[in-house]
Structure formats: C-alpha cells, structure tokens
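There are 2 protein chains.
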Amino acid sequence: MSATEDAATAMGSTPLSVAQTRIVTAALTLFEQHGVSGTSLQMIADAVGVTKAAVYHQFRTKEAIVVAAVEMELGRLEEALDAADASGRDQRAVETLLTQVIDLAVGRRRMVSTLQHDPVIARLLAEHKPFQQFMERFFRAMLGGKNDPTARLRVAMLASAIGGAVTHPLVTDFDDATLRTELIHLTRQFLEGES
Amino acid sequence: MSATEDAATAMGSTPLSVAQTRIVTAALTLFEQHGVSGTSLQMIADAVGVTKAAVYHQFRTKEAIVVAAVEMELGRLEEALDAADASGRDQRAVETLLTQVIDLAVGRRRMVSTLQHDPVIARLLAEHKPFQQFMERFFRAMLGGKNDPTARLRVAMLASAIGGAVTHPLVTDFDDATLRTELIHLTRQFLEGES
DNA sequence: GTCTATAGAATGATAGAC
DNA sequence: GTCTATCATTCTATAGAC
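In order, the protein sequences belong to chains A and B.
For the first sequence, numbering that gives the first Met the number 0 gives the first residue as 0, with consecutive numbering after it.
For the second sequence, numbering that gives the first Met the number 0 gives the first residue as 0, with consecutive numbering after it.
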C-alpha cells in the first residue's frame, strides 16, 4: 500500500515532491487516453486543478514530465528485476519474473500500451541513457542466459503478447484475476515448446 | 505489383484519386514516426510538397485523412479475410489466415504498431461502424469457430505478439525472410498447445 | 506554490484568386 | 488542383506579483 503511494522514482533520479507526483499521475492518465502528443500542458493543468504556469514551475518542459512519468512506471518493474537478477539466470528465475511482469501488466492494463508503443516514449526509451540501460537489463533477464535469434524473438513475442493482450478488445470483459490466471497459463504453455 | 499501387480503398468507400493517394501515403509514413496526434497537416503538406490548402481541398478534415489511411491498410487484410471466410472455419483455415497476417505484418513492420496502438486510430476502430464490423469479422475468422474466454485471450495474445514482435527492439536486426520464418514457427508452436 | 498576463509560434480550417 | 492570405484557437514557455 505505501509502496504504491511512494513518490520515489527509479534509475537514480531525484525523488518527486507531492505536487510533482500529482502532476505526473494526472499526466499518465491523459497519456493513456490521448497519447503523449495528444496531451497538452493545459489538459494536465486542468486535470490537476491548477494553471499551466504552476505546472511549469514544477517541470521545466513537457519532456521532463514524460521522463518522470516513464521513470515512475519503470520503477514498478525494478523491484521484480532486482529479485530476478539475484536469483540466477535459469528457467525458473525467468518464470518468476514473468509472473511478476504479468501481475504488473494486468494491474496497470491501459498504461502498458502507452509505455510500449507511444512514439514519443519509444524515442525516449531508445535515446535516454538510463532508460536504455534499464531496458537492456530487463531483456537480459527475460532471456535467461540465452541470446540466439529464436530466443530473442520469443521474448519479443512474449513481451508484446502480454502487453498487448491486457488491453485487447477481445479481452476487455475479463476481470483482473481471470486475466492474470489465464495469461500465466497460456504464457507457460508458450514457453513449454522451448527447445 | 499493380495491387500495391492500386488506389482503391476497402469497406465500400469511394476510391482515392492520385492526389489523395499521395497524401494518404505520406500521412501513413508520418503517422508511424510521430503518431497521429504528433502529425500536423503542415507536416503532411510538406512531405507531399504542396500547401496545407491543397491538402484541405482533397480532404475536408484531418480525421478524413486518418480514416482513408486506416481503410488503405485494412484493405490489405481484406483479401486474406475473404479467402479465409471462403475456406471454412476449421483449424487449417485459421493457420492459412495466420500465415497471411504474418506476411502482411512483416512486410509493413512499422505500420502495424501504429494501427494497433495509436490512441486516435484505436478510437476510430472502436467508433467508426465499418471498421467495427471489419475487426469483428477479422477476430471471428481468427477464432475459427471458438469463442470461449481462453480462445479469445489466445487470439488477443497472438495478434499482439505478431504485431508487437515485428517492431520490437530485440528483433530490429532480423531481415524480413528470417523474421517471417521464425514467426511462423513460433506461432505454430503456440497453437500446438491448444486444447 | 500558485496566480494573471502575455509572448511568439504552430495548429486546424476557410475564402477567394489563378 | 494548387496557390496566397488569413481566421480563430491552441500550443509551449516565460515574467512578475502574491
């Protein structure tokens, strides 16, 4: 409970103040509805209930808000990643990590798609050094020691399948618990075919 | 070859003129780089090499351009879908459709993510009647007669896995042929687990 | 930490000439 | 089919008062 309300951000950046956390939280909701480009500072300010100038006092640019938002979301993965890195690099460690990834993806459903596919965030993940390193670390853990083309494609498919399925129109009627159970089941099935 | 250059749009709408086709093609490239909201009419006009007013003469609104663009892309799926609907509703028909979907996804890599995840297009697919019906038809074909929750999640994962994998950072170094072969292989493997 | 007020550029969209 | 010119609106961002 307190972990969800914690304002600390990941990847060694300065923790957020209460006012900053309010802005980032509101921004995230708008980003998932309209995308980053489709969200103006005015919309964010209105959602928080302050003026644009107040938002600019907390973040110098719109990009700074996006960075803080991505940091906040990736921070949720960091704990799971730490545990995975500590518990070796075998198949069982990968499955434990996958379960936590699924938990996060189901719990934050609508957020995941934005994080994975918004063009602005994609560019940020590719160009911003700390994000680059974090994603490399994440994929390394998901690969569990392997690195052949088939293994890489398998991880790419798995990450996309989980992230995409949780918001897919065919699945919107699933409650979280059912979605979680079924996702774990089908994910395991996909991994069983592994050579 | 002539099929790729054909300006005809799907879903019963008016075919596009040459000028309109030029605009929609340029718009699609920009949409995949910046998203729909991140693409202005000025950017589209510049890419085509005309003024904004010339673009407005061809399409009354920006939304009309987006609709035409989505129609053009979904049109590529329509042929495969017709064949699938004609060849029954068994497991083999689904596998044939899947192969064609993979071919399309690999061939148009960067486009797929935009179509599946851009918030403006997502809203359009959900609210625009002809798109709604087309997507329903597509999912029905992919389900191959089934409709239980597990089957729906399986299709959701499959569609997301294919659409997401083709642009995934872990797979950017794959050439089209390799990506196609491996995707078909892993997709079949995923389906073999089916009960 | 928030406000009012504003600068300066870019946005979607229209009118009318060629 | 394309142009120039312009509309009202919105955008990011800043200055300065409280």
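Note that beta-carbon positions come from the ideal geometry of N, C-alpha and C, so glycine has one too.
Counting only the Cα atoms, Val-35 (chain B) lies some 19 Å from Arg-109 (chain A). When DSSP states are grouped into helix, strand and coil, Gly-143 (chain A) belongs to the coil group. With 16 or more other CB atoms across the displayed protein chains lying within 10 angstroms of its CB, Val-23 (chain A) is buried. Just measuring C-alpha positions, the residue of B:Val-154, B:Lys-51, B:Leu-103 sitting nearest Val-165 (chain A) is B:Val-154. Among the residues facing chain A, Val-170 (chain B) is included, as its CB has a counterpart in that chain under 8 Å away. Measuring C-alpha to C-alpha distances from Thr-186 (chain A) to each of A:Ser-159, A:Asp-147, A:Asp-45 identifies A:Ser-159 as the nearest. With fewer than three CB-CB distances shorter than 8 Å, the stretch 44 to 56 of chain A does not count as touching the stretch 40 to 60 of chain B.
Straight across, the Cα-Cα distance linking Ala-83 (chain A) with Met-141 (chain A) is about 9 Å.
The beta carbon of Leu-178 (chain B) sits closer than 7 Å to those of Val-105, Val-165, Val-170, all from its chain and outside the five residues before and after it, given in chain order.
Of all residues in the stretch 104 to 119 of chain B, only Ser-112, Thr-113, Gln-115, His-116, Asp-117, Pro-118, Val-119 place a beta-carbon less than 9 Å from a beta-carbon of chain A.
Contact between the stretch 55 to 69 of chain B and the stretch 111 to 121 of chain B is established, with three or more Cβ pairs separated by less than 8 Å. A direct Cα-Cα distance of roughly 10 Å separates Gln-57 (chain A) from Thr-20 (chain A).
Residue environment for Ala-176 (chain B): exposed (fewer than 16 other C-beta atoms within 10 angstroms of its C-beta). For a Cβ distance threshold of 8 Å, nothing in chain B lies close to Gly-143 (chain A): the least Cβ distance comes to about 13 Å. Below the 9 Å Cβ cutoff, chain A contributes Ser-36, Pro-118, Val-119 as neighbours of His-33 (chain B), in chain order. Cβ contact annotation for Glu-94 (chain B) (same chain, cutoff 8 Å, sequence separation greater than five): Arg-187, Leu-190, in chain order. Setting aside the 5 residues that flank it on each side, Asp-102 (chain A) is surrounded in the same chain by Arg-179, each with a C-beta closer than 7 Å to its C-beta; the list follows chain order. Neighbours of Leu-185 (chain A) across chain B, judged by C-beta separation under 9 Å: Thr-149, Leu-152, Arg-153, Met-156, Phe-189, Gly-192. Annotation: Leu-40 (chain A) to Met-71 (chain A) spans about 19 Å, alpha carbon to alpha carbon.
Contact annotation: Gly-143 (chain B) and Gln-99 (chain B) have beta-carbon atoms that are not nearer than 8 Å. By alpha-carbon distance to Val-111 (chain B), the top candidate from B:Ala-85, B:Gly-87, B:Val-69, B:Gln-131 is B:Val-69. Rounded to the nearest angstrom, the gap between the Cα atoms of Glu-193 (chain A) and Leu-73 (chain B) is 33 Å. Counting the other Cβ atoms within 10 Å of the Cβ of Val-66 (chain B) gives 16 or more, which makes it buried.
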